[in-house]
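Engineer:
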Amino acid sequence: MSIDLTDDNLIPDLSNASSSVPCPIPAQSSSTQVTYTSTSIKRGLRHDKSHYKILSNPSKRATASCWAKFSLPAVRISDEKEAKFSIIKGFASCNSCFETYFYNDSSTTNLNSHRCPMEHQQGQLTFKSSENPLRSTIGAKLLKKKKEDIKKLCANWVACSMRPFSIVTDPGFKQILQECLTIGRDLRSEGELAIDDLLPSDRTVRNDVDRAAQHERNLLKIKLVAAADDYRLSISPDIWSDKYRNISYLGATAHFVDDNGIYHYFDLFCSEFKSKNKTAVNVLKMLEAQLAVFGLKELMDKITFVTDRGANFIKALMAFRVLLCVAHRLNNVLKKTFYQEISKKKTIVSPGKILTTSTSVCRTEITPTKTEMTTITTRTFAQASPEGNEEDIDDKNDIDTEESSDDDNDDDDDVVDYTSTTIANLPPPAKAILDMIKDCKSLVKYVKKANLNRELQLEREKQNINNSINGEDPPSTTNNSSKAATLHQSSVVRWLTLYHHQRQRLQKINFNMVERLIAFLAPWKNVLKEVQVGNSPSLHCVLPCITYLREQMINGEKKERGGMKFFYKRAIQLLDNMFKLEDDHIRASFLHPNYKQLRGATKSQIKSCHAYCRGLVLPDTTGDDPVISEKDICEPPSKKSKFMLQLMDKKETVKEPGMSEIDRYNALTVEEEYTNPLTFWQQQHIQLAYPTLYRLAKRTFAVPCSSAAVERQFSAAGQIVTQRRSNLDPSTVNNLIFLRSIENSKRQI
1 MSIDLTDDNL IPDLSNASSS VPCPIPAQSS STQVTYTSTS IKRGLRHDKS HYKILSNPSK
61 RATASCWAKF SLPAVRISDE KEAKFSIIKG FASCNSCFET YFYNDSSTTN LNSHRCPMEH
121 QQGQLTFKSS ENPLRSTIGA KLLKKKKEDI KKLCANWVAC SMRPFSIVTD PGFKQILQEC
181 LTIGRDLRSE GELAIDDLLP SDRTVRNDVD RAAQHERNLL KIKLVAAADD YRLSISPDIW
241 SDKYRNISYL GATAHFVDDN GIYHYFDLFC SEFKSKNKTA VNVLKMLEAQ LAVFGLKELM
301 DKITFVTDRG ANFIKALMAF RVLLCVAHRL NNVLKKTFYQ EISKKKTIVS PGKILTTSTS
361 VCRTEITPTK TEMTTITTRT FAQASPEGNE EDIDDKNDID TEESSDDDND DDDDVVDYTS
421 TTIANLPPPA KAILDMIKDC KSLVKYVKKA NLNRELQLER EKQNINNSIN GEDPPSTTNN
481 SSKAATLHQS SVVRWLTLYH HQRQRLQKIN FNMVERLIAF LAPWKNVLKE VQVGNSPSLH
541 CVLPCITYLR EQMINGEKKE RGGMKFFYKR AIQLLDNMFK LEDDHIRASF LHPNYKQLRG
601 ATKSQIKSCH AYCRGLVLPD TTGDDPVISE KDICEPPSKK SKFMLQLMDK KETVKEPGMS
661 EIDRYNALTV EEEYTNPLTF WQQQHIQLAY PTLYRLAKRT FAVPCSSAAV ERQFSAAGQI
721 VTQRRSNLDP STVNNLIFLR SIENSKRQI
């Protein structure tokens, strides 16, 4: 039973039962007990010194260094002249600030972690010191032991729950642990605290995800509506299906430039596509419903949509402003160059066989992030190209060699249409290259099927050990793993030729030709990497990248001979026929200060671009756009993209300023080199000098040149909808994708 001793100035606090200890009062009935807490004891020591005091620890085992600062609290038990005090068991109090902790004989952790504010005021200890507070030997040993315990717990967790090792470095995991440490420090005076008192249930977390997503949508809605109303918003939609339940999702990313000229992009939504047929009507209906959540349905005519060449999306968005994905088009050109385009075979059958025979469709797709020819499936090539015997090719070598084919083709470059050349009409050297590509893919497939990857890795490690013993440098690799197996290494190749007598697989491959194919693909890889940037403007990259790619193909065609020369010529013609530079691409390059010379554009394109910009300039333009302050002006970045750097304009001598804004911008000599053009336009004096172009730049650079961002969204969704989490509700997936994008954006600020 607890009693109230308020009249005797004993003020026990019953608010925290977890840190309370019942203590008998000898002066009263033996059956009467009072409950003490750390808060009530601290209050008594500070304000009722006649009834409370601290006594040194009488135990002989109290040898820890913390007892130099701590004592045991005691309460008065008699009213005689010589007052008698009884130690309150289970507690220890600081000698200076009287902070009281729950204490037992087996642990002094709370006492060692105490940082006395009284000593802080005296300058003896800094409360917020950047140094480790546990500088004593006892504290260092304790920290080492606790760290060892945490390491064991993490190892057990990773093993038992099948979590990745990198989870311990996850920023969110560290943030949770840091918050737990803060809570423990703040509540250390309240005694022991169970982790179940802090951690929420899984249902609570899911509900909070839904609540947080809705809250962030309301905040983002205001920014999106303002950007769309000024034509500074673009949206990239696409459709994706998970591989576990085959649920279709309509995803979209939003890209916009705010009033201060800062680029933003978010994963807008990834919602379940419930319609059975993905027709243009259903796509548009679903897209309008999702945009209505952000108040953008009525502003769709002011939004630029960036999408691939899917027929359903093109038809659904035909009433709006659409810019087609550059990366998808370049991949189509590359696939068609090597005859890897989509092939369909339809079999006409009689009605009696309609149940047993179906249409055979072989589809090969390369995502924008995959640029190497190794991603092309062998099946499509096998259907497109009839296999030829090596003996037939050898018999023709005397007639059709690489050198002899050059003379025949050079004279007919202006009249030969390489884009219409079929596989059946290919010259033998070009046909041999396609066969070699097939053999390379066959070798890679064999290595995977025969489970030889591990053997190759062990052989590579053995070679590295031998090289280190002999004092030789290990072979350089282009990837992050130093143990990656490469087939072209001599020891590995020799080993593979002896393994199950597979020499014939290597004899078919001309490694010199493989190197030339890699050189052919290198410019494509550089360009595709630049046009798929998602966290900064990319529309200005199209003109210089296409110009660079065309120049590389022309230079390669002049250097190469035979089969490779044919594919260079075919790539040049396909690039000219299949890819079209839009006016947006030209204007974006013009608005980049380092590409405004528009190298690679035709005279008519340059003239049209300048005329469009002049048409926006009013004689009495005052520049009504907001001007950012000096503290918001960003300096040019110190790190620059090496590839895009070589494509920039050369520095020119300052020309005589013209009367119009466009002429003055053309005459401007830019000393700095900008990877992000908005960094240039964020400068205050630039905004004042070119107000119309600044407004146009914000609208232009809000549009990405590819839909790679939504492809990355689907990649993240694939990491969420795993086999272990395949039962996630699609609405939860949508909220998780959206919140992830919001949090990543906050971290970049």
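Quick note: UniProt numbering has the sequence shown finishing at residue 749, numbered continuously throughout.
Quick reminder that beta carbons are idealized off the backbone N, C-alpha and C, glycines included.
(1) What residues in its chain sit with their C-beta under 8 Å from that of K278, if we drop five residues either side in the sequence?
(2) When burial is assigned at 16 or more other CB atoms within 10 Å of the CB, is S707 buried or exposed?
(3) Where do the N-terminal and C-terminal ends of the alpha helix (DSSP H) with G251 fall, by residue?
(4) Closer than 7 Å by C-beta to L539: which residues in its own chain qualify, once you throw out the five before and the five after it? Chain order, please.
(5) Distance check for R725 and V733, CA to CA, integer angstroms please.
(6) Within 10 Å of its beta-carbon, does R46 have 16 or more other beta-carbons around it, so buried, or fewer, so exposed?
(7) Pick helix, strand or coil for C270, following the three-state DSSP scheme.
(8) With a threshold of 7 Å between beta-carbons, can L434 be considered close to chain B, or not?
(9) For A252 and R211, I'd like the C-alpha separation in whole angstroms.
(10) Classify K147: buried if its beta carbon has 16 or more other beta carbons within 10 angstroms, exposed otherwise.
(11) If you drop the 5 nearest sequence neighbours on each side, which residues of the same chain put their C-beta closer than 7 Å to that of Q552?
(12) Is there at least one non-hydrogen atom of the ligand MN closer than 6 Å to the beta-carbon of I737?
(13) Please state whether DSSP places F294 in a helix, a strand or coil.
(14) Go ahead and pull the three-state DSSP assignment for T100.
(15) From L291 to K297, what distance separates their C-alpha atoms?
(16) Between the beta-carbon of C97 and the beta-carbon of C116, is there less than 7 Å?
(17) Evaluate G718 with the Cβ neighbour count: other Cβ atoms within 10 Å of its Cβ, from every protein chain shown; 16 or more gives buried, anything less gives exposed.
(18) Could you please give the first and the last residue of the uninterrupted beta strand (DSSP E) stretch that includes L539?
(19) Per DSSP, which one or two residues make a beta bridge with A74?
(20) Using the Cα positions of S189 and L199, report the straight-line distance between them to the nearest angstrom.
(21) Can you tell me whether A140 is buried or exposed, with buried defined as 16 or more other CB within 10 angstroms of its CB?
(22) Considering only the beta carbon of each residue, do D242 and V721 sit closer than 7 Å?
(23) Taking the alpha carbon of S731 as the reference point, which residue from L678, V205 and F269 has its own alpha carbon closest?
(24) Just the C-alpha distance for L323 and H264, rounded to the nearest angstrom, thanks.
(25) To the nearest angstrom, how far is it from the Cα of D7 to the Cα of N95?
(26) Secondary structure at D238, three-state DSSP: helix, strand or coil?
(27) Quick one: give me the first and last residue of the beta strand (DSSP E) that L177 is part of.
(28) Do F256 and R232 have their C-beta atoms within less than 7 Å of each other?
(29) Whole angstroms are fine: how far does the CA of S236 sit from the CA of D308?
(30) Taking the alpha carbon of R321 as the point to measure from, which residue in V617, T337, K274 and S234 has its own alpha carbon closest?
(31) Mind checking F566: buried by the 16 CB within 10 Å criterion, or exposed?
(32) Starting from R321, trace the alpha helix (DSSP H) in both directions and tell me its first and last residue.
(33) If you drop the 5 nearest sequence neighbours on each side, which residues of the same chain put their C-beta closer than 7 Å to that of P73?
(34) For A280 and L299, what's the separation of their Cα atoms in angstroms?
(35) If you drop the 5 nearest sequence neighbours on each side, which residues of the same chain put their C-beta closer than 6 Å to that of E179?
(36) Given this structure, state the Cα-to-Cα distance separating S50 from R76, to the nearest angstrom.
Structural biologist: In brief:
(1) Sequence-distant Cβ neighbours of K278 in its own chain, meaning closer than 8 Å and more than five residues away, are I239, S248 and N312.
(2) By the 10 Å Cβ count, S707 comes out buried.
(3) It is not in any alpha helix (DSSP H) - G251 instead sits in the beta strand (DSSP E) that spans S248 to V257.
(4) If we look at L539 and ignore the five residues flanking it on each side, its Cβ neighbours are D584, H585, A588, T700, F701, V703, P704 and C705.
(5) Straight-line Cα distance between these residues: approximately 10 Å.
(6) By the neighbour-count rule (16 or more Cβ atoms within 10 Å), R46 is not buried but exposed.
(7) Here C270 sits in strand by DSSP.
(8) Reference to chain B is not applicable here, since this structure consists of a single protein chain.
(9) Computed Cα separation, rounded: 21 Å.
(10) Counting the other Cβ atoms within 10 Å of the Cβ of K147 gives fewer than 16, which makes it exposed.
(11) Contacts found: P523.
(12) Absence of the ligand MN is noted for the structure shown, with no ligands found whatsoever.
(13) Under the three-state reduction of DSSP, F294 is assigned to coil, being neither helix nor strand.
(14) Correct three-state label for T100: strand.
(15) For L291 and K297, the distance between alpha carbons rounds to 5 Å.
(16) Result yes, Cβ atoms of C97 and C116 sit closer than 7 Å.
(17) Exposed.
(18) Careful: L539 lies outside any beta strand (DSSP E) and carries neither H nor E.
(19) DSSP lists K53 and I87 as partners of A74.
(20) When only Cα atoms are considered, S189 and L199 end up about 20 Å apart.
(21) Here A140 is exposed. Its C-beta has fewer than 16 other C-beta atoms within 10 Å.
(22) Yes; because the gap between Cβ atoms is below 7 Å, this pair is in contact.
(23) Ranking L678, V205 and F269 by Cα distance to S731 puts F269 first.
(24) For L323 and H264, the gap between their C-alpha atoms comes out near 19 Å.
(25) Low confidence applies to D7: its pLDDT is 39, below 50, so where it sits in the model is not reliable enough to give any reading.
(26) Strand.
(27) Element bounds for L177: not the beta strand (DSSP E) but the alpha helix (DSSP H), P171 to D186.
(28) Yes.
(29) Their Cα atoms are separated by approximately 9 Å.
(30) Of all alpha-carbon atoms in V617, T337, K274 and S234, the one lying nearest the alpha-carbon of R321 is that of S234.
(31) F566 comes out buried.
(32) In the DSSP annotation of this structure, R321 is not part of any alpha helix (DSSP H); the continuous beta strand (DSSP E) holding it starts and ends at R321 to L324.
(33) Excluding sequence neighbours, P73 sits near I41, L45, Y52, I54, I88, F91, S93 and T100.
(34) If you take the alpha carbons of A280 and L299, they lie about 19 Å apart.
(35) Within the same chain, no residue comes within 6 Å of E179 by CB-CB distance, once the 5 residues on both sides are set aside.
(36) A direct Cα-to-Cα measurement between S50 and R76 gives close to 8 Å.
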